[in-house]
Structures are given as C-alpha cells and as structure tokens.
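Colleague: For what it's worth, the numbering used here labels the leading residue of the sequence shown as -3, then goes sequentially.
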Amino acid sequence: MQIRQRTNLRNQVINLKMSRPAKPHATKFIVHPLTPSRWADVEDLFGPEKGANSGCWCMWPRVTSSEFRGMDKAKRKAAFRSCVAKGPVPGLLLYEDGKAIGWVAVSPRDEVVRFARAKTSELEPELNPAKHYAITCFYVRTGHRKRGLMTDLAKAAIDYAHKKKAAALDVCPIDTDKPLMWGEGFVGIVSVFEKLGFKEVARRSPRRPLMRLSFKA
C-alpha cells in the first residue's frame, strides 16, 4: 500500500513538471529611425493629444528653456514634426508585433540645444561636438513599462551612433537609489548605462552625471 502511494505521488510530481508551460522565446524587436513616413507611428505612440510626457513632443532638449515655455502642445507637435521632416533623424522607434512601443531620442549634439548648453551635460571645450552624439530622452508605451525596454532602446541608440561614425555617445541620466515617479527617468537611469559600458566623465550635479561611451576609430 505504501509503495503504491509513493508511486502515485511520484507520478503526480512528474505530471506537474510535464504540465508546466515552456519558457517563452525571447521577444524580438525591430528598430527603425524616425523618418517622415513613420510620423503616424510616433504620433500614435506619444498620443495625438497627449504628446508623450506632459505634452513635450520631445522638444524639451531641442530648444532653449524660454522657447519651450513659449510653446503650447500644438506648437511643440508642429515643431517636432518639422524636425522629423527636415532631418537629421531625431531618434529611433522600437517595434513589437508591428506597433511602436518605445522611443529613444538620439542625434548629434548640435541638434539638441538645451542638452548641449546645459551645465550638467555640456561638452568639454577641447572636444568637437560635431563628432559626439547624445541620448536625451526615452518614452515607453503604457502597458509595456517595467519590461526593461530602456536597455533595448539604449542598445539601439549605441548601434545607430556607431554606424553614423560618431566618436562617442553621451547621456546625462539620473542617479538614484530609490524608485522613481513616472516621468522622472525619461533622461535615462545611471545603472542602465553602467551595464552598457558608459563611463562617468563629469558630475556637475549630484544626481546627473555626464556619461560617455567612446567608439574605437
């Protein structure tokens, strides 16, 4: 009787193991530069009326503080669409199953005026800004957050800047040891970039180090 019970129990354990679902395959993403033909995708991602984070439309790093404050949502949207139309490419879209679920703004430093001039992120005077690219913001679609997509987007930005023959890629992320409120991490998070090989080159603000990934010639 005891032997039969043990056998039945063993079979139950085996059946439980066999019934566990197989581990899902790693998700494959597709990345595309934001060109005019993909405007509808970024508009859908940001929200036609919402405009990403607080109606920014990714213009925050591209204009001066006074210029940004002087724009309402509609003007920011129009300005961003103009940037997309004129080029260079202002960033990359991350797609899953045909839908844009993430955005990273990556472009030459010269294209992001506020980033280039800000004390926390300005380039050392001896370096050439024309050869440096910058990551200035991230945005992830609601329902896809907390999946670690910032890392995927950052990797895409690294690959893009390298292909564009940039000397280096800069970012000025936030350094924190506690959970962030929604929207606070749009500039990137230090721990993500440390794992990707970025090095701190300056810290002019306690929580906003300037980090850099240099590319070999």
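We put the beta carbon where it would ideally sit given N, CA and C, even for glycine.
Beta carbon of residue 189, beta carbon of residue 207: below 8 Å?
Modeller: Position 193 of the sequence shown, counted from the first residue, corresponds to residue 189. Position 211 of the sequence shown, counted from the first residue, corresponds to residue 207. Yes, these two residues count as a Cβ contact at 8 Å.
Colleague: Please list the segments of the beta strand (DSSP E) lying wholly inside the segment 128 to 206, counting only runs of 3 or more residues, in order along the chain.
Modeller: As far as the segment 128 to 206 is concerned, its whole beta strand (DSSP E) runs of at least 3 residues are 128 to 136, 164 to 167, 195 to 198.
Colleague: Could you pull out every residue in the same chain whose Cβ sits closer than 7 Å to the Cβ of residue 125, ignoring the five residues on either side in sequence?
Modeller: For the purposes of this step, residue 125 is taken as residue 129 along the sequence shown, with counting starting at 1. Answer for residue 125: 105, 106, 112, 119, listed in chain order.
Colleague: How would you label residue 87, buried or exposed, when you count the other beta carbons within 10 angstroms and need 16 or more for buried?
Modeller: Taking the sequence shown and counting its residues from 1, one reaches residue 87 at position 91. By the neighbour-count rule (16 or more Cβ atoms within 10 Å), residue 87 is buried.
Colleague: With a threshold of 16 other CB atoms inside 10 Å of the CB of residue 128, please say whether the residue is buried or exposed.
Modeller: Translated into the one-based positions of the sequence shown, residue 128 becomes position 132. Burial call: buried.
Colleague: I think residue 210 touches residue 163, with their Cβ atoms under 8 Å apart; what is that distance to the nearest whole Å?
Modeller: For the purposes of this step, residue 210 is taken as residue 214 along the sequence shown, with counting starting at 1. For the purposes of this step, residue 163 is taken as residue 167 along the sequence shown, with counting starting at 1. Rounded, the Cβ-Cβ distance is 7 Å, consistent with contact.
Colleague: Measuring only between beta-carbons, confirm whether residue 61 sits less than 8 Å from chain D.
Modeller: The structure shown has no chain D; it contains just one protein chain.
Colleague: Measure the beta-carbon distance from residue 101 to residue 132 and round it to whole angstroms, keeping in mind my assumption that it falls under 8 Å.
Modeller: Counting from one through the sequence shown, the residue named residue 101 turns up at place 105. Counting from one through the sequence shown, the residue named residue 132 turns up at place 136. Between residue 132 and residue 101 the Cβ distance is about 5 Å, and since that is below 8 Å, they are a contact.
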